[in-house]
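Colleague: Here full-length UniProt numbering is used: position 238 in the sequence shown is 238, and no number is missing along the way.
Every residue gets a Cβ at the ideal spot worked out from N, C-alpha and C, and that includes glycine.
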Amino acid sequence: MQAIKVSNLVKEFDGLRAIDNISFAVEEGEIFGMLGPNGAGKTTTIRILSTTLKATSGEARVWGYDVAKKPDEVRRSIGIVFQDQALDDRLTGMENLDFHARLYGMKKDLRKERIKEVMDLVELWERRNTLVKYYSGGMCRRLEIARGLMHYPRVLFLDEPTLGLDAQTRHTIWEHIKLLNKREGIAILLTTHYMDEADALCDRIGIIDRGKILIIDEPDNLKNMMGKDLISMKISSPEKMIKLLSNFEWIKSKRIYDGLLHLEVNKGEERIPFLINLAQKNALNVELVSLRRPTLEDAFLHFTGRTIREEEGSSRERISARIRSRRRR
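1. Just verifying my parser: in three-state terms, what is the DSSP assignment at LYS70?
2. Output the distance between the C-alpha atoms of LEU260 and ILE48, rounded to the nearest integer angstrom.
3. Taking the beta carbon of PRO219 as the centre, do at least 16 other beta carbons fall within 10 Å, making it buried, or is it exposed?
4. Identify every residue that forms a DSSP beta bridge with ARG204.
5. Determine the direct distance from the alpha carbon of PRO273 to that of TRP174, and round the result to whole angstroms.
6. What does the alpha-carbon distance come out to for the pair GLN168 and GLY64?
7. Run through DSSP, which three-state label would GLN2 get?
8. By the 10 Å Cβ neighbour count, where 16 or more other Cβ atoms means buried, how is LYS267 classified, buried or exposed?
9. In the DSSP output, what is TYR257 paired with across the bridge?
10. With DSSP collapsed to three states, give me the class of ASP196.
11. Measure the alpha-carbon distance for GLY185 versus PHE82 and round it to whole angstroms.
12. How long is the line joining the alpha carbons of GLU264 and GLY36, rounded to whole angstroms?
13. Give me the Cα-Cα distance between SER7 and ASP66, rounded to the nearest whole angstrom.
14. Would you mind stating whether LEU230 and PRO161 have Cβ atoms separated by less than 9 Å?
15. Assuming LYS112 is part of the alpha helix (DSSP H), what are its boundary residues?
16. Do you know offhand how far ILE19's Cα is from GLU270's?
17. Report all residues from its chain with a CB closer than 6 Å to the CB of LEU149; omit the five preceding and five following residues, and keep chain order.
18. Three or more beta-carbon pairs under 8 Å between the segment 1 to 15 and the segment 193 to 205, yes or no?
19. Is the distance from the Cβ of LEU301 to the Cβ of MET233 below 9 Å?
20. According to DSSP, what are the bridge partners of ALA283?
21. To the nearest angstrom, report how far apart TRP250 and ILE208 are at their CA atoms.
22. Who are the near neighbours of SER236 in its chain, counting only those whose CB is closer than 6 Å to its CB and skipping five residues on each side?
23. Measure the alpha-carbon distance for SER136 versus ALA279 and round it to whole angstroms.
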């Protein structure tokens, strides 16, 4: 069964399309990732699917229920962890979960049993009686995940689940997400702008940029679509080097970013001596040359034309321009 089915979904804010005719499906038990920069439309998509925001047009179903026509049924079928923390730090971890379970009408005995299950799952049972204000950031995130599981949801939404956490804590959260997916067997829709997170967790990934889903596939397939070696060169004039390389068919793409010249080539090891020799013959100083296989960052660059860092900066500028335009009216 498809846990989520989205068809031609559009959301506009004051004439600006935050989501632009996207379609995708998430299967039961799958971890599906939406990978994109801030402002790409990831959180807006989750808000529509969780019934907290109405779409402009299109259709979305969660566990078979239309989110616009059957919002109560959808809410009973989902758990959600938003970017911003929504715990009561005046309560203990156990009290936060108990309060959430009461809102869903769970009976006392079932609440008690389920609290133990989910707190064990995220390794917080020993801290169940500690006030949340004394929890670390990672502990709070794990408690929010536990809360999202309290009422036995069919689908769990995780919106940037490790945003702002240190590397070690992020990896701990990843392990808990994998474990709960295995034990609970639920579908997970995860949004992230971290490449390593999407690669480590997701069965499939949808690359989303400027409100559009550009491609959906498994992480390894996305990387293998590049099919080429990637050579990076720190060189005195990358622009001149690009002109020198304009007629070589074995170079599939040429880009400059982060101050480096990046080439997508066949048989990378064989090409490096030629590239260095060509640069030196044309009085170009080569400081660094590296060879590697494609990553998700490279796949994102390939499909969007920008790195995710560049795209986040562009998104912020578009929003600022929109605000300036409103002020002039």
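Modeller: Put simply:
1. DSSP, read as helix, strand or coil, puts LYS70 in coil.
2. So the alpha carbons of these two residues sit roughly 40 Å apart.
3. Answer is buried; the Cβ neighbour count reaches 16.
4. According to DSSP, ARG204 bridges with PHE32.
5. Per the coordinates, the alpha-carbon of TRP174 lies some 41 Å from the alpha-carbon of PRO273.
6. Going by C-alpha positions, GLN168 is about 37 Å away from GLY64.
7. Correct three-state label for GLN2: strand.
8. LYS267 is classed as exposed because its beta carbon has fewer than 16 other beta carbons within 10 Å across all chains shown.
9. The partner list for TYR257 (beta bridge, DSSP) reads LEU260.
10. Here ASP196 carries a helix assignment [DSSP, helix/strand/coil].
11. C-alpha separation (whole angstroms): 21 Å.
12. The straight-line gap from Cα to Cα measures roughly 22 Å.
13. SER7 and ASP66: Cα-Cα distance of roughly 11 Å.
14. No, the Cβ-Cβ distance between LEU230 and PRO161 is not below 9 Å.
15. Where LYS112 is concerned, the enclosing alpha helix (DSSP H) stretches over 108 to 121.
16. If you draw a straight line from the Cα of ILE19 to the Cα of GLU270, it comes to about 44 Å.
17. Around LEU149: GLY79, VAL118.
18. The segment 1 to 15 and the segment 193 to 205 do not touch, with fewer than 3 CB-CB distances between them shorter than 8 Å.
19. Cβ atoms of LEU301 and MET233: not closer than 9 Å.
20. Note: ALA283 sits in no beta bridge, so no partner.
21. TRP250 and ILE208: Cα-Cα distance of roughly 29 Å.
22. So the qualifying residues of the chain are LEU284, ASN285.
23. Whole-angstrom Cα-Cα distance: 52 Å.
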